[in-house]
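Remarks on the structure that follows.
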């Protein structure tokens, strides 16, 4: 192999061997022929060409076939080596070789100690003749450096980007999100009601000592600090008791995830260790055994505190289905592992060998050579004659004690308890099941990477059934992060739906404690620091960045930045502005439709570039010259506009636009001295009276890209209002009379048809007797019943014909 060194024993032995033979080894001839260089005389006794140091000699160009190249190579071959070169490591000259398809080398068994030493050429006996046909071919090892590099350093491919959800899909997810929230609220309300069960509290109260109960219920004679410390000591002792007695054996509530497709739900199987506490009886049984999920443990702990007179809340972090596009999804089901055939064959052989060994051992245990064991007699035709009596299997060895059952769940709780600190009139969290903490509200929020728990809605239920949203107490960045996960963001109604959902659980008259808590939560939200991430500034209610502003949002001229934030380590610093300094700007046409007009000589706050349309679009009907001169659409803020004052009515004439109607988008656009009359007969009444009027244009109705004007009522001078309304009333009365006349004529036609039918019938039966007429009526009724009855005759298409019978005909 080129570049590989072989060990040489001595210089003298090699020279002696070379001089003793007239022919040079074929290996060097092959190397020279592969390099495309003419080989020297085969009888030349010279040693192989050395490898010079880099830069000591110019590289030979293999593409040049001229005599100069051959002469230089010959000179190098004929030049005797110096002593200094012999003392150094023997190296060959770099020769450009054609790129081989597969690089091979002889498989050698080198020792591990030789790997650290310099690689040298081994002794080769050039005098030995080459065999004509090798008896055994050496094994070759293929080296693929590209595959080795790819396996050693796997390529870093970016993760698959999720496709953004459409508007319809987002609305559907929001509806599902709201329905799931209502179901979870009902679930927590039911569990909170179970915590008040008298039998559950009676079974849990004996677990606390009198000393702990005294700590949990401090007297009012103690100061604020003393009451708080007494409550802390009692909670610490109760938590120690609860940790030693309650055992987690099942899985509790977890975060709901979306499925990427419907097929994934078909193969989805829930865990076997789900919470089995489904009704009140199961809850009572869990209180006796002190076993269940950690959710049940928190609920029983709440019941334990309530049983000794502590005012405790049951707090739950609701886990609804998310409506955002980047929410985690269900993991894809893992396919069955394909076992290699060789492994299956080996397992089959091992099982067969074990069976044969077991059969042999059983046969030897029976004793007689001619007799057979009970296992062998099972397949005998006369097995019943042996009177085989089966023996019970030996009992399996059991462990001396049962170890604790480990349930893998999120390291953050879903249920916990809030206890009222009466000294400070403040609710404090306590969790003896998962986090083993109390008085630490900031340890309950899981990270965003947790797929089993997400803190977005935290609701606390009191013993009387009232509930309160306390999410702001436990969220570290409620305004920047948590608020985006709530239903308040996509609905844009300021959280009105969520407040209406909590209305059935709200106290009718808020107490002083409720007002204190509301002020506390508001203060927590107000003290939230400025976000540190650029992405958190998007749709932030307090701060804003210029990059996140929409097309129609601009800053006020005197806006001052509140700080700066860096977009990465190398990104430039961006200024942070207050959201109150952001204004919505609209074009002059949109302001006009809102009843405002731009003040004269106002400089636009911003120019909106026209949205690009594909070439050849049927909606782009502008010329190229117009497109080049079009600089965009100017937009203005509210401060740059004023109320629109339409021209007044003069001499009973209503001002009109070029289309013959009047713009009345808002009530303020009605001219002075005019009135807007909305009625279907308004235009007809004004025409009958003979006064000037104008149809009122109240808006446009868009279907696709085409807009249709919506006309609603008319605008007339105010002095003609009474006359027009009187005419409208008269037209309404006339229309009502016409409608009554149409109904009367329709009823008369029906009566006339009935009377004509009775006259014709009477004329036909005038000469027939009474008995015959009754008989005819009876027969007519029977025929009518038979006609309406189901037919018993088998239809031709419903007959099942047996082909073997020939369908009623003889088969030849």
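In my numbering, the protein residues as written are 67 to 878.
Glycine included, each C-beta is placed from N, C-alpha and C at the ideal position.
Residue 649 versus residue 616 - alpha carbon distance: 10 Å
Beta-carbon spacing of residue 476, residue 519 below 9 Å: yes
Three-state class that DSSP yields for residue 168 in the structure shown: Confidence in residue 168 is poor, its pLDDT being 42 and thus under 50, which makes the residue's placement too unreliable to answer from.
Buried versus exposed, by CB contacts within 10 Å (16 or more), residue 137: In this predicted model, residue 137 has a pLDDT of only 45, less than 50, meaning its place in the structure is not dependable; the value taken from the coordinates is given anyway. Looking at its Cβ environment, which holds fewer than 16 other Cβ atoms inside 10 Å, residue 137 is exposed.
Continuous alpha helix (DSSP H) stretch holding residue 580: start and end: 578-592
Opening and closing residue of the beta strand (DSSP E) in which residue 487 lies: 481-487
Straight-line gap, residue 651 to residue 297 (C-alpha atoms, nearest Å): 57 Å
Inter-stretch contact at 8 Å, needing at least 3 Cβ pairs: the region 355-362 / the region 296-316: yes
Cutoff 6 Å; reference residue 371; Cβ partners in own chain excluding five residues on either side: 378
Residue environment, residue 831, which counts as buried when at least 16 other CB atoms sit within 10 Å: exposed
In chain order, each beta strand (DSSP E) run of at least 3 residues that lies wholly inside the region 320-389: 378-384
Cβ neighbour criterion (16 or more within 10 Å) applied to residue 728: buried
Residue range of the unbroken beta strand (DSSP E) whose run includes residue 699: 699-702
Where residue 178 sits in the DSSP three-state scheme: Residue placement at residue 178 cannot be trusted, given a pLDDT of 41 that sits under 50; what the coordinates show is reported in the next sentence. It is coil, neither helix nor strand.
Bridge-paired residues (DSSP) for residue 494: 485
Residue burial classification, residue 261 (beta-carbon count within 10 angstroms, cutoff 16): buried
C-alpha distance - residue 809 paired with residue 703, whole-angstrom precision: 59 Å
Chain-order list of residues whose beta-carbon lies under 6 Å from that of residue 767 (same chain, five-residue window excluded): 774 and 776
Residue 643, DSSP secondary structure in three states: strand
Residue environment, residue 677, which counts as buried when at least 16 other CB atoms sit within 10 Å: exposed
The region 328-344 in contact with the region 498-506 per 3-pair CB rule at 8 Å: no
C-alpha gap between residue 330 and residue 528, whole angstroms: 40 Å
Same chain, Cβ closer than 8 Å to residue 736, five either side skipped, listed in chain order: 712, 730, 742 and 781
Beta-carbon proximity check, residue 385 vs residue 473, cutoff 9 Å: no
At least 3 beta-carbon pairs within less than 8 Å: the region 249-261 vs the region 362-371: yes
Cutoff 8 Å; reference residue 240; Cβ partners in own chain excluding five residues on either side: 389, 553, 556 and 557
Coarse secondary structure for residue 524, derived from DSSP in three states: strand
Cβ-Cβ distance between residue 597 and residue 526 below 9 Å: no
Which listed residue (398, 707, 567 and 715) has its alpha carbon closest to that of residue 332: 398
C-beta contact flag for residue 278 and residue 375 at 9 Å: no
Rounded straight-line distance, which links the Cα of residue 485 to that of residue 543: 24 Å
Span of the alpha helix (DSSP H), counted from its first residue to its last, around residue 790: 787-830
Residues near residue 675 in its chain [Cβ-Cβ closer than 7 Å; skip 5 each side]: 698
Straight-line gap, residue 232 to residue 326 (C-alpha atoms, nearest Å): 15 Å
Residues of its chain near residue 483, where Cβ-Cβ distance is below 8 Å and the 5 sequence neighbours each way are ignored: 364, 367, 368, 371, 378, 379, 380, 381, 495, 496 and 497
Chain-order list of residues whose beta-carbon lies under 7 Å from that of residue 395 (same chain, five-residue window excluded): 323, 324, 325 and 326
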